[in-house]
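Structure first, then comments.
Residue numbers (my numbering), protein chains in the order written: chain X, 11 to 318; chain F, 2 to 282.
In structure tokens:
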């Protein structure tokens with residue numbers, strides 16, 4: 011078990027390395043540089059800037075230096091946000107993005123699993139059809155349409171919630187973005203749980219559990235839930251990825267000071283170090299998610315063994 | 002084969018939701034094609050007497066105008082046409098690449114198959130969306146790049162499906178007959194394998210159309226899609242989201258159309274999948 015986990019962890023290192031390498035050379039292959047402005051800078055100043063940031067060095071030297079710095083936890087200075095290091099920028103924005111994303115994920119799980127179970131229990135009846143129709147809507151309509159619509163309804167017409175903006179610790183400001191982000195994964199989870207629950211409920215051990223005279227909720231919680239959650243576990247990494255990409259637009263619509271905006275802005279500004287920092291943060295998160303899901307699998311299905 | 006398609010068509014016709022969706026989609030497509038003929042306003046004409054005006058009969062701005070006095074009905078239809086085109090072309094790209102890759106991997110099998118499938122696994126583990134954002138930012142916002150890059154993401158699932166279909170077809174007698182008659186591997190794949198997997202796979206490709214339209218709108222929303230004066234639905238929604246307090250219709254018209262289109266495409270896709278019962282792998 012531990013050995014398997016360590017092997018997987020070791021396997022993640024080359025993946026991350028490939029991603030970092032690709033991103034490093036791709037962004038530098040782009041035309042233009044971080045110090046391009048409307049007015050061209052005098053060549054001496056440009057040369058000084060380039061030297062200060064180490065951009066005058068050969069590409070391979072830059073690459074080597076960057077890798078060495080990252081391994082020491084230093085993502086370098088931002089080229090566009092003067093006086094800020096990438097670590098500071100991401101350190102300030104990340105808690106907001108993380109709060110938004112994790113609440114959305116939690117909401118999707120907390121509502122999606124019961125809705126899916128409920129639909130399965132009412133298979134082919136009105137409740138099932140209602141839940142699954144809503145799920146199609148949730149899957150079909152992207153967050154960047156849902157959020158403005160919610161803002162219009164609850165913010166501008168009903169005045170219940172703020173349309174945009176951010177106050178530390180304010181749940182009200184997070185409510186609409188969280189709902190917009192959670193809707194798609196929630197719907198997918200409800201569908202997955204419904205399908206797997208239908209299958210599980212037909213199996214022999216569930217019939218045995220009912221035959222023993224156990225009440226419905228005991229059968230569901232103690233027997234049916236775990237195996238029915240397996241497909242949800244394998245959906246978690248794509249769900250996290252979709253929440254991450256969704257947060258790029260949701261943060262900008264809702265005016266949240268997260269790190270979402272740095273990805274596109276950074277790439278447009280040729281802010282090499284900032285973009286690299288973002289790529290590293292997001293890829294690491296995804297890879298860690300994949301590892302956690304493996305562990306979750308072992309817990310959900312004891313038949314899963316980690317021998318190779 | 003033909004009975005398979007007939008059966009599927011019959012099951013699809015028995016599905017009222019899918020048929021409704023089909024009607025909605027056809028209407029939207031028809032509207033994008035013939036709408037401009039009825040609308041006296043062009044999508045790029047600036048009407049300075051109606052700037053950000055509400056939906057009204059006056060000036061024939063049925064869905065209102067945006068901040069520059071451009072007719073929203075015309076612009077939304079323009080955007081929908083672009084979104085649909087991107088959805089179809091990028092799906093076709095992913096279909097082509099996916100069929101080639103999946104058929105080769107599934108037919109040759111063994112180590113080659115193992116390596117090729119491992120490649121797909123690695124690729125689907127990468128945060129591809131970020132690389133596409135990268136590519137579009139770096140290499141400019143050309144339409145072709147948009148098609149290619151979006152298609153490049155879609156082909157992964159497609160290749161898996163084609164491989165699954167190929168694996169079962171490889172066992173059939175007509176393949177054996179082809180091998181016995183001395184046909185080369187490339188010829189067998191092109192002449193015998195692909196024609197036999199293509200039916201269900203093309204239908205399955207319709208499932209990717211809404212995903213691709215959604216993704217293109219996402220890029221346009223970020224300002225990385227098609228450029229002005231053209232705008233796909235995503236860009237129109239981004240514009241509308243900024244104006245929603247003063248002029249909500251600028252958001253509601255394109256947003257509503259995109260929502261309706263994606264919903265209908267998803268329902269139709271689900272119906273097709275149920276009718277054909279295509280399984281991944």
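Glycine is no exception: its CB is placed at the ideal position from the N, C-alpha and C atoms.
Own chain residues within Cβ distance below 6 Å of residue i, not counting five before or after
i: residue 29 of chain F; result: 262
i: residue 12 of chain X; result: none
i: residue 18 of chain F; result: 268
i: residue 8 of chain X; result: The structure shown does not extend to residue 8 of chain X, since chain X spans only 11 to 318, so no value can be given for it.
i: residue 280 of chain F; result: Confidence is the limiting factor: at residue 280 of chain F the pLDDT is only 49, short of 50, which leaves the residue's position unreliable, though a coordinate-based value still follows. Correct list: empty, nothing qualifies.
i: residue 25 of chain F; result: 265
i: residue 16 of chain F; result: 272
i: residue 98 of chain F; result: 156
i: residue 185 of chain X; result: 171
i: residue 1 of chain F; result: Outside the displayed range of chain F (2 to 282) lies residue 1 of chain F, so it cannot be described from this structure.
Sequence-distant residues of the same chain with beta carbon closer than 7 Å to residue i, five excluded per side
i: residue 45 of chain X; result: 51, 56, 59
i: residue 21 of chain X; result: none
i: residue 73 of chain X; result: 34
i: residue 194 of chain F; result: 104, 108, 167, 170
i: residue 262 of chain X; result: 270, 271
i: residue 8 of chain F; result: none
i: residue 77 of chain F; result: 64, 237, 254, 255, 258
i: residue 119 of chain X; result: 199
i: residue 282 of chain F; result: Low confidence applies here, because residue 282 of chain F scores a pLDDT of 35, under 50, leaving its location unreliable and the question unanswered by this model.
i: residue 267 of chain X; result: 103, 106, 176
Proximal residues of chain F, C-beta to C-beta of residue i below 7 Å
i: residue 255 of chain X; result: 130
i: residue 80 of chain X; result: Simply none; closest approach about 17 Å.
i: residue 259 of chain X; result: 219, 222, 223
i: residue 289 of chain X; result: 131
Distance cut-off 7 Å: residue i Cβ against heavy atoms of the ligand NAD
i: residue 16 of chain X; result: The ligand NAD is not part of the structure shown, which contains no ligands of any sort.
Cut-off 8 Å between Cβ atoms - residues of its own chain near residue i, not counting five sequence neighbours on either side
i: residue 99 of chain X; result: 88, 91, 269, 272, 284, 287
i: residue 43 of chain X; result: 65, 280
i: residue 154 of chain F; result: 95, 129, 130, 133, 216
i: residue 303 of chain X; result: 243, 244, 246, 247
i: residue 252 of chain X; result: 194, 195
i: residue 239 of chain X; result: 123, 203, 206, 310
i: residue 208 of chain X; result: 130, 133
Residues bridged to residue i [DSSP beta-bridge criterion]
i: residue 95 of chain X; result: X:87
i: residue 66 of chain F; result: F:72
Contact set between residue i and chain X, taken where Cβ atoms lie within less than 8 Å
i: residue 249 of chain F; result: 162, 166
i: residue 263 of chain F; result: 150, 151, 152
i: residue 211 of chain F; result: 150
Residue i: contacting residues in chain F (beta-carbon distance under 8 Å)
i: residue 154 of chain X; result: 218, 219, 222, 235, 238, 239, 242
i: residue 158 of chain X; result: 238, 241, 242, 245, 252, 256
i: residue 273 of chain X; result: 131, 134
i: residue 278 of chain X; result: 138
i: residue 36 of chain X; result: 132, 135, 136, 139
i: residue 263 of chain X; result: 242
9 Å Cβ cut-off: residues of chain X touching residue i
i: residue 117 of chain F; result: Those do not exist, as residue 117 of chain F stays about 18 Å from chain X at its closest Cβ, beyond 9 Å.
Residue i: contacting residues in chain X (beta-carbon distance under 7 Å)
i: residue 259 of chain F; result: 155
i: residue 268 of chain F; result: 146
i: residue 215 of chain F; result: 152
Under 9 Å by beta carbon: chain F residues contacting residue i
i: residue 40 of chain X; result: 135, 138, 139, 140
Residue i at chain C interface by Cβ criterion, 8 Å
i: residue 245 of chain X; result: Considering every chain present, this structure includes no chain C. Its protein chains are X and F.
- Query: Okay, do the segment 136-149 of chain F and the segment 37-44 of chain X touch, 3+ Cβ pairs below 8 Å being the bar?
  - Reply: Because the criterion of three Cβ pairs below 8 Å is met, the segment 136-149 of chain F and the segment 37-44 of chain X touch.
- Message: Using 8 Å as the cut-off, can you tell me whether the segment 286-300 of chain X makes contact with the segment 240-248 of chain F, which would need three or more C-beta pairs spanning the two stretches below that distance?
- Response: Verdict: no, contact absent.
- Determine contact between the segment 145-165 of chain X and the segment 194-214 of chain X, defined as no fewer than three beta-carbon pairs at a distance below 8 Å. With the cut-off at 8 Å, the segment 145-165 of chain X and the segment 194-214 of chain X touch.
- Which runs of the alpha helix (DSSP H) fall wholly inside the segment 78-165 of chain F and span at least 4 residues, in chain order? Every alpha helix (DSSP H) of 4 residues or more that sits fully in the segment 78-165 of chain F is shown, in chain order, as 111-126, 129-139.
- May I have a chain-ordered list of the alpha helix (DSSP H) segments no shorter than 4 residues that lie completely inside the segment 165-233 of chain F? If we require 4 residues or more, the alpha helix (DSSP H) runs fully inside the segment 165-233 of chain F come out as 174-181, 186-189, 195-222.
- Message: Does the segment 143-163 of chain F come into contact with the segment 203-212 of chain F, if we say contact requires no fewer than three beta-carbon pairs (one atom in each stretch) closer than 8 Å?
- Response: Pairwise C-beta distances place the segment 143-163 of chain F in contact with the segment 203-212 of chain F, as three or more of them are shorter than 8 Å.
- Query: Hey, which unbroken runs of the beta strand (DSSP E) at 3 residues or more fall wholly within the segment 36-82 of chain X?
  - Reply: The beta strand (DSSP E) runs of length 3 or more contained entirely in the segment 36-82 of chain X do not exist; there are none.
- Query: Which parts of the segment 128-161 of chain X are runs of the alpha helix (DSSP H), unbroken and 4 residues or longer, counting only runs that do not cross its ends?
  - Reply: Listed in chain order, the alpha helix (DSSP H) runs fully inside the segment 128-161 of chain X are 136-150, 153-160, counting runs of at least 4 residues.
- Hey, is the segment 81-90 of chain F in contact with the segment 210-227 of chain F, meaning 3+ C-beta pairs nearer than 8 Å? Taking 8 Å as the limit for Cβ pairs, the verdict is that the segment 210-227 of chain F does touch the segment 81-90 of chain F.
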